[in-house]
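Per my numbering, the very first residue in the sequence shown carries number 86; after that it's consecutive. C-beta: ideal position from N, C-alpha, C; glycine also. A quick note: this is a predicted structure, and the numbers were derived from the prediction, not measured. Below you'll find the structure, written out as structure tokens, and then a few comments.
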Amino acid sequence: MKNMLPSPNATGSGWAVAHKKALAFVEDLTIEELVNMTTGSGISSRCVGNTGAVTRKGFPGLCLQDGPVGVRTADFTSAFTAG
């Protein structure tokens with residue numbers, strides 16, 4: 086993508102590979118696909134929102150969660166006090 090914002094300065098092993106994979110994934114997305122996968126909407130039984138999928142790339146979308154200390158409406162999760 087030509088007009089992409091600079092990436093945050095990430096250090097540690099593996100970031101160069103991950104960044105290269107991310108660039109390869111987004112380089113030919115249409116504006117509709119970009120908006121679809123970065124906009125959350127809806128509430129399903131286990132998600133408090135979902136992002137759209139990009140089916141031609143095999144990206145199923147994301148199940149979004151929120152809560153004061155992480156995931157809510159889930160069993161067998163660990164959480165620590167906020168703050």
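Straight-line Cα distance separating residue j from residue i
i: Val133; j: Cys148; result: 8 angstroms
i: Glu118; j: Trp100; result: 24 angstroms
i: Gly146; j: Ser98; result: 26 angstroms
i: Gln150; j: Gly125; result: 11 angstroms
i: Thr115; j: His104; result: 19 angstroms
i: Asp113; j: Lys142; result: 10 angstroms
Residue nearest to residue i in terms of C-alpha spacing, selected from the options
i: Val127; options: Thr115, Lys106, Asn135; result: Sequence inspection shows Gly at residue 127; the Val mentioned does not correspond to that position. Measuring from the Cα of Gly127, the nearest candidate turns out to be Asn135.
i: Arg131; options: Ser98, Gly97, Asp160, Thr96; result: Asp160
i: Val139; options: Met122, Val102, Lys105; result: Met122
Paired residues, beta bridge with residue i - DSSP
i: Pro144; result: The residue you asked about is not Pro; residue 144 is Phe in the sequence shown. Paired residues: Val139.
Can you check the region 96-138 for any alpha helix (DSSP H) of at least 4 residues that lies completely inside it and give the ranges in chain order?
100-111, 116-123
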